[in-house]
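See structure below.
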Ligand code: SF4
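Residue numbers (the working numbering), protein chains in the order written: chain A, 3 to 186; chain B, 26 to 304.
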């Protein structure tokens, strides 16, 4: 594993350009959730030049569809969902200021290129570690598109959310390079 | 003849789904531990540690192991001398799923294939009933997540492709799946039978505890050999590179038509959840 960093959102350019694939990051601050349906609505608004329900500058988007909150907890299990479904929308959001995405699974060439161009990173959270990740989420509330149910946009206040840098601003890809390194 | 009231089936199915989603079996916990001893990648080791901690936390806090609490797959072995009273067996299973997903705060993931409208209560369950001798009912609850199910494959091979052809398909499936099914995975392989039987055998093969050898020594040897080859791919925990891509390969074989060689590969993520009850 590379370095271990503690970062606060919103992320600045200098926060992300130092990151390299394999680095572990403990993220704190606000992250917003969004899945396909919410992405589509954000992009529609951008295309129509209308204002968005969340500011994008420096923000981190978490691809997740949590399980319902049991009594006394802000949220249920909240591990990442597979990211490729967001690939058609991600480059536009990156161009409009987001600095980080959290999910699982490979990203398209277009998303990787947008990350290099606009200085953003893709973090992998551990798929299926829903109970563990839930511990890092201290507050949770829906802030837009409640009608989308589990696909609404949530605002999470997180403390030390554990993620790993999968794509950095240099165009590296841990899925590719990690596999190469351990292939026999 | 033994009477079993459908209320008992409802409450059992409900309990099994809640438990399956929050308590990982000892076989998986042991498998994580031995995987950690073998994993050389520091990132991979970190992931395996997270998975063990996740299992501990899920059990302690009753927050599900994974937010994808699955479609509700239920295998029933129904003794032929059992009489279900007070209602229908299938209705009771559906009701148990409904209650379990509601009261256990589990995510409802069943929807219409085109409109994507959620059914709202995680039904219909996916129910397989076998009639067996005796006067017991065995119920196995298997929440099956979408990420790993999506990476599963079925092929109707030409018989000439033989063992080598089947192995290539297994390796290809795991390679193409990469990080998507949340490795480390368990690979269920159903070989033979008809088209649908191969798939069902692959899923049933996943029910065998990880670490328990196949009773057939010849198949056991194949399972070990294929696992070794899978783990040479380098995919590793979460696909971030490493030695441990899969924890186990489970093969079920059935006779097939003289013209066919069906093979189904059902990929199971590390959230390998199932719970059994016998009534
Ligand atoms: S593949 Fe399994 S562990 Fe991964 S998100 Fe889906 S259900 Fe959870």
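No residue lacks a Cβ here, since even glycine has one placed at the ideal position from N, Cα and C. Since this is a predicted model, take the numbers as computed values, not measurements.
DSSP-derived helix/strand/coil call for residue 265(B): Residue numbering aside, residue 265(B) sits at position 240 when the second chain is read from its first letter. Of the three classes helix, strand and coil, the one that applies to residue 265(B) here is coil, per DSSP.
Closest residue to residue 213(B) among 192(B), 60(B), 89(B) (Cα-Cα distance): Position 188 of the second chain, counting from 1, holds the residue named residue 213(B). If you compare the alpha carbons of 192(B), 60(B), 89(B) with that of residue 213(B), the shortest gap goes to 192(B).
Cβ neighbour criterion (16 or more within 10 Å) applied to residue 108(B): By 1-based counting over the second chain, the position of residue 108(B) is 83. Answer is exposed; the Cβ neighbour count stays below 16.
Cβ neighbour criterion (16 or more within 10 Å) applied to residue 175(B): As a first step, residue 175(B) is located in the second chain; it is residue number 150 there, counting from the start. That one is exposed.
Residue 28(B) Cβ short of 7 Å to the ligand MG heavy atom set: Among the ligands present in this structure, namely the ligand SF4, the ligand MG is not found.
Nonlocal neighbours in the same chain, by C-beta distance under 8 Å from residue 85(B), ignoring five residues either side: Taking the first residue of the second chain as 1, we reach residue 85(B) at position 60. Nothing listed; no residue qualifies.
Inter-stretch contact (C-beta, 8 Å, three-pair minimum) for the region 44-59 of chain B and the region 169-184 of chain B: With fewer than three CB-CB distances shorter than 8 Å, the region 44-59 of chain B does not count as touching the region 169-184 of chain B.
Alpha-carbon spacing of residue 224(B) relative to residue 291(B), whole angstroms: Along the second chain, read from residue 1 onward, the residue named residue 224(B) stands at position 199. Along the second chain, read from residue 1 onward, the residue named residue 291(B) stands at position 266. Going by the C-alpha atoms only, they are around 7 Å apart.
Short-range partners of chain A found in the region 78-93 of chain B, where Cβ spacing is below 7 Å: Residues of the region 78-93 of chain B whose Cβ lies closer than 7 Å to any Cβ of chain A, in chain order: 78, 79, 82, 83, 86, 87, 88, 89, 90, 91, 92.
Own chain residues within Cβ distance below 6 Å of residue 146(A), not counting five before or after: On the first chain, residue 146(A) is found 144 positions in, with the first residue counted as 1. Contacts found: 55, 155.
Buried or exposed (CB count within 10 angstroms, at least 16 for buried), residue 16(A): Start at 1 with the first residue of the first chain, and residue 16(A) comes out as number 14. Its Cβ having fewer than 16 others within 10 Å, residue 16(A) is exposed.
Assigned secondary structure, residue 117(A) (DSSP; H/G/I helix, E/B strand, else coil): Position 115 of the first chain, counted from the first residue, corresponds to residue 117(A). Taken through DSSP and simplified to helix, strand or coil, residue 117(A) comes out as helix.
Partners in chain B for residue 2(A), counting only beta-carbon separations shorter than 9 Å: Any property of residue 2(A) remains undetermined from this structure, which presents chain A solely from 3 to 186.
Straight-line Cα distance separating residue 184(B) from residue 63(A): If you number the first chain from 1, residue 63(A) lands on position 61. If you number the second chain from 1, residue 184(B) lands on position 159. Per the coordinates, the alpha-carbon of residue 63(A) lies some 49 Å from the alpha-carbon of residue 184(B).
Residue 215(B) vs residue 282(B) beta-carbon contact at 8 Å: Taking the first residue of the second chain as 1, we reach residue 215(B) at position 190. Taking the first residue of the second chain as 1, we reach residue 282(B) at position 257. Here residue 215(B) is not near residue 282(B), since their CB atoms are 8 Å or more apart.
Exposure label - residue 133(B); buried when at least 16 CB within 10 Å: Numbered from 1 along the second chain, position 108 holds the residue referred to as residue 133(B). Residue 133(B) comes out buried.
Beta-carbon gap between residue 154(B) and residue 101(B) smaller than 8 Å: Stepping through the second chain from its first residue, residue 154(B) is reached at position 129. Stepping through the second chain from its first residue, residue 101(B) is reached at position 76. Judged by their CB atoms, residue 154(B) and residue 101(B) are nearer to each other than the 8 Å cut-off.
Given 8 Å, three or more beta-carbon pairs between the region 154-170 of chain A and the region 121-129 of chain B: No, the region 154-170 of chain A is not in contact with the region 121-129 of chain B.
Run of the beta strand (DSSP E) containing residue 140(A), from where it starts to where it stops: For this step, residue 140(A) is matched to residue 138 along the first chain. It spans 139-146 - the beta strand (DSSP E) in which residue 140(A) sits, taken as one unbroken run.
C-beta atoms of residue 135(B) and residue 207(B) nearer than 8 Å: Along the second chain, read from residue 1 onward, the residue named residue 135(B) stands at position 110. Along the second chain, read from residue 1 onward, the residue named residue 207(B) stands at position 182. No, they are not a contact pair.
Top-ranked residue by Cα proximity to residue 171(A), from 6(A), 21(A), 5(A): As a position in the first chain, residue 171(A) is number 169, starting the count at 1. The shortest C-alpha to C-alpha distance from residue 171(A) to any of 6(A), 21(A), 5(A) is the one to 21(A).
Three-pair Cβ contact test at 8 Å for the region 109-122 of chain B versus the region 109-116 of chain A: Result no; under three Cβ-Cβ pairs closer than 8 Å.
Residues near residue 34(B) by beta carbon distance below 6 Å, same chain, minus five either side: As a first step, residue 34(B) is located in the second chain; it is residue number 9 there, counting from the start. Correct list, in chain order: 117.
Test: residue 282(B) CB closer than 8 Å to a CB of chain A: Here residue 282(B) refers to the residue found at position 257 when the second chain is read from its first residue. No - not a single Cβ of chain A is within 8 Å of the one on residue 282(B).
Test: residue 130(B) CB closer than 8 Å to a CB of chain A: As a first step, residue 130(B) must be located in the second chain, where it is residue number 105. Cβ-Cβ to chain A under 8 Å: yes for residue 130(B).
Residue 66(A) (DSSP reduced to helix, strand or coil): Residue numbering aside, residue 66(A) sits at position 64 when the first chain is read from its first letter. In the structure shown, residue 66(A) sits in coil (DSSP, three-state: anything other than H, G, I, E or B).
Contact set for residue 101(A): own chain, Cβ-Cβ below 6 Å, skip 5 residues either direction: Within the first chain, the letter at position 99 stands for residue 101(A). For residue 101(A), where only same-chain residues beyond five positions count, the Cβ hits under 6 Å are 13, 18, 60, 122.
Under 9 Å by beta carbon: chain B residues contacting residue 67(A): Counted from its first residue, the first chain places residue 67(A) at position 65. 92, 93, 132, 134, listed in chain order.
Residue 163(A) at chain B interface by Cβ criterion, 8 Å: For the purposes of this step, residue 163(A) is identified with residue 161 of the first chain, where counting begins at 1. For residue 163(A), the answer is no, since every Cβ of chain B falls outside 8 Å of its Cβ.
Distance, residue 30(A) Cα to residue 11(A) Cα: Looking up residue 11(A) in the first chain gives position 9. Looking up residue 30(A) in the first chain gives position 28. Inter-residue distance for residue 11(A) and residue 30(A) is about 6 Å (C-alpha atoms, whole angstroms).
Opening and closing residue of the alpha helix (DSSP H) in which residue 173(B) lies: As a first step, residue 173(B) must be located in the second chain, where it is residue number 148. In this chain, the alpha helix (DSSP H) harbouring residue 173(B) covers 171-174.
Neighbourhood of residue 27(A) by C-beta distance below 6 Å, restricted to the same chain and skipping five residues each side: Position 25 of the first chain holds residue 27(A). The answer, listed in chain order, is 7, 9, 165.
Residue interval of the alpha helix (DSSP H) (run including residue 121(B)): For the purposes of this step, residue 121(B) is taken as residue 96 along the second chain, with counting starting at 1. Boundaries of the alpha helix (DSSP H) around residue 121(B): 114-128.
Neighbour list for residue 295(B) in chain A, Cβ cutoff strictly below 8 Å: By 1-based counting over the second chain, the position of residue 295(B) is 270. In chain order: 130.
Cross-strand partners of residue 97(B) (DSSP beta bridge): The residue you call residue 97(B) lines up with position 72 of the second chain. As a beta-bridge residue in DSSP terms, residue 97(B) pairs with 168(B).
Residue 144(B) versus residue 172(B): straight-line alpha-carbon distance, rounded: Position 119 of the second chain, counted from the first residue, corresponds to residue 144(B). Position 147 of the second chain, counted from the first residue, corresponds to residue 172(B). Residue 172(B) has its alpha-carbon roughly 19 Å from the corresponding atom of residue 144(B).
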